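Engineer: Below you will find the structure I want to go over with you.
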Amino acid sequence: MYFAWVRAICELHGWKHTEPPLIWKQYGISGTKVTYVGDIDKFRELLLEYYNIRFDLTKEELENLKTDLLRVSLYPRYGLQAHEIEKKIGYLDTQNECRRVTIISADRSLCLDLIPQLMAIKELRLSRGSVLSLYDETKKFSKLEEIMKDVKNIEDLNVTVIEDLSIGLYDCDILIFLEDMSRGRYEEHDTWYQRNYERMRMLSQQINERAPFHMKIIFCSVGPTCLCATILRNLVTNKLLRMSIVAVSAHYGLKVMHDFTESLGMNQRNFGCPPVWGFLDVCHMIQKCDDVYKRRNGDASKAKGRTILKSSEIERAELKWFFSCKNNKNLYEDYLRHKITIEHQADRRKENAQKCKAICDLLKLWYRESIGDEIIALGISSDGSFGIPNGIVFSQPACLKISDNGTRIWIPYCDFPLPDIPVSIFHNLICTAVMITRRLMNADKI
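Numbering (this note's numbering), first residue to last: 2 to 447.
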């Protein structure tokens, strides 16, 4: 893992370095300017030349020096008082041995359901447990304190409420964005898109200043998550970090799957999640006709006739009905009115459960010891597959691979069949995503 990290850093800056340790200088207001130093011998030469340090420090002296430097850096960076600095130092001492997760907009009900499930993921566990930072942009600290009380008995979990997101980003492993970015009732679409852009611009500045290269960013909020992920990906300066920005989409398929299996009286566990295509919460569709029925023996040819289920065209027909409504507003009026009523009365806990499962399933695969052959629905940066332009974050079938620099990234599973709908409809999904994105950002960045 260390050598993969060294290779990634060297590739990023164009350095040639093979043996540990790798030492460089980092300076500037944002800390993004770097100068290569080399190995330990080069570091000693630097100490002698610039600081006139002519002796070797003991291990204890090195630890004291590290603590002193940390005290100096924390005050101007966060404006902390003396007792807060000591607390922060103790917090940082655990960082190399614990998983650090920061949740933005942690006041949402989803967060309370999500935390216990995150802590139950064995793939995320390290020797000293997890450090969870809760942050809310609207400063609803009373709600965050209530969440802390509810989860305080979870084993090996250290929960803190942070008032400054910069603290939560420092050496963070996983950033989960739950903030409500949905459109206001009377808000114009262009105003809505611009509001999302400004929010991502502010977040990108904080990430560029504080976040480590290895941090993973997961969007699972109400609103245009693929648009937000696309904007953030273009504004984040670090190449490695850009490859780890995703938008969860499997929960849309889980909802359809739940309704479908419930209506048939079948167990949802026997079905795979259908693919989700599109620019989430702006224009997307669920490929209902590609459900997979699972069998324990793995041999469908031996299955009895009654156990082989051909998927219905319910969701695809529904999509066609919506397109028909463009020219005939009275068509299926009762159906649409009933569907809207049902959606408004949906059980929030059920929706949260589906989102929690989608997030946790994603993290289990991402952090698992070995990479499998699983294909999931996920909003990821496109590479030209399926006719989706490079750089657009678009929900599509995705698989995990190890990149040349040793990091794990999600890429489109290009062998997956396109949805069985008219090409013009699928093309419209792509064109809508491109048009909105280019309206907000320079076309040459896409």
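From the three backbone atoms N, C-alpha and C, an ideal C-beta is built for every residue, glycine too.
Nothing here was measured: the structure is a model prediction, and the numbers come from that model.
#1: Please list, in chain order, all residues of the same chain as Pro117 whose beta carbon is under 8 Å from its beta carbon, the five residues on each side excluded.
#2: Run the CB neighbour count on Arg307, radius 10 Å, all protein chains shown included, and call it buried at 16 or more, exposed below.
#3: Have a look at Gly15, Leu401, Leu441 and Gly169 and flag the residue whose alpha-carbon is nearest the alpha-carbon of Cys229.
#4: Residues bridged to Gln397 by DSSP?
#5: Nearest-angstrom Cα distance between Phe44 and Ala9?
#6: With a threshold of 16 other CB atoms inside 10 Å of the CB of Glu199, please say whether the residue is buried or exposed.
#7: Taking only runs that begin and end inside the segment 128-180, name each unbroken beta strand (DSSP E) of 3 or more residues, in chain order.
#8: Just the C-alpha distance for Leu170 and Cys432, rounded to the nearest angstrom, thanks.
#9: Compute the distance between the beta-carbons of Val223 and Ser183, then report whether it is under 8 Å.
#10: Contact defined as beta carbons within less than 8 Å: I believe Phe142 pairs with Val162. What is the distance between those atoms, to the nearest angstrom?
#11: State the Cα-Cα distance for the pair Leu119 and Cys361, rounded to the nearest angstrom.
#12: I'd like the list of long-range same chain contacts for Cys415, defined as Cβ closer than 6 Å, with 5 residues on each side in sequence excluded.
#13: Less than 8 Å between the C-beta atoms of Ser245 and Ile389, yes or no?
#14: Please report the distance separating the alpha-carbon of Arg126 from that of Cys274.
#15: Do Ser167 and Gln206 have their beta-carbon atoms positioned less than 8 Å apart in this structure?
#16: Apart from the five residues on each side of it in sequence, which residues of its chain come closer than 6 Å, Cβ to Cβ, to His18?
#17: Across which residues does DSSP place Pro413 in a beta bridge pair?
#18: Quick one: what's Lys34 bridged to in DSSP?
#19: Which of the three DSSP states, helix, strand or coil, is assigned to Trp367?
#20: Mind checking Gly279: buried by the 16 CB within 10 Å criterion, or exposed?
#21: Give the C-beta separation of Leu176 and Val160 to the nearest angstrom, bearing in mind that I take them to be a contact with Cβ-Cβ under 8 Å.
#22: How would you write the range of the alpha helix (DSSP H) that Lys123 sits in, first residue to last?
#23: Can you look up Lys351 in the DSSP assignment and give me helix, strand or coil?
#24: Would Ala107 and Ile148 be called neighbours here (beta carbons separated by less than 8 Å)?
#25: Spatial neighbours of Leu363 within its chain, please: C-beta separation below 8 Å, excluding the five flanking residues on both sides.
#26: Just verifying my parser: in three-state terms, what is the DSSP assignment at His428?
#27: Give the straight-line distance between the Cα atoms of Ile287 and Val257, rounded to the nearest whole angstrom.
#28: Between the alpha carbons of Leu401 and Ile381, how many angstroms are there, rounded?
#29: For Cys1 versus Lys365, is the C-beta distance shorter than 8 Å?
#30: Could you check if Pro418 is buried or exposed, using at least 16 other CB atoms within 10 Å of its CB as the buried criterion?
#31: Just checking my contact of Pro413 with Ser383 at CB under 8 Å: how many whole Å lie between their CB atoms?
#32: Rounded to whole angstroms, what's the CA-CA distance from Asp191 to Gly254? Just pull it up for me.
#33: What first and last residue would you give for the beta strand (DSSP E) that runs through His18?
#34: What does the alpha-carbon distance come out to for the pair Arg369 and Glu124?
#35: Using the C-alpha atoms, what's the distance from Glu98 back to Gly407?
#36: Going straight from the alpha carbon of Trp6 to that of Arg234, what length do you get?
Structural biologist: In this structure, then:
#1: Val152 and Ile155
#2: No answer about Arg307 holds up, because its pLDDT of 35 lies below 50 and its placement is not dependable.
#3: Leu441
#4: Leu379
#5: 21 Å
#6: exposed
#7: 131-136, 158-162 and 175-178
#8: 34 Å
#9: yes
#10: 6 Å
#11: 6 Å
#12: Ser386
#13: no
#14: 27 Å
#15: no
#16: Cys11
#17: Ala399
#18: Tyr28
#19: helix
#20: buried
#21: Going by Cβ atoms, the distance from Leu176 to Val160 rounds to 16 Å, so no, they are not a contact pair.
#22: Per DSSP, Lys123 belongs to no alpha helix (DSSP H) and is neither H nor E.
#23: helix
#24: yes
#25: Ile219, Val247, Val249, Ala251, Ile377 and Leu379
#26: helix
#27: 8 Å
#28: 11 Å
#29: Since the displayed the chain opens at 2 and closes at 447, residue 1 lies outside it and no answer follows.
#30: exposed
#31: 6 Å
#32: 28 Å
#33: First-last for His18: undefined, no H or E at that position.
#34: 6 Å
#35: 21 Å
#36: 21 Å
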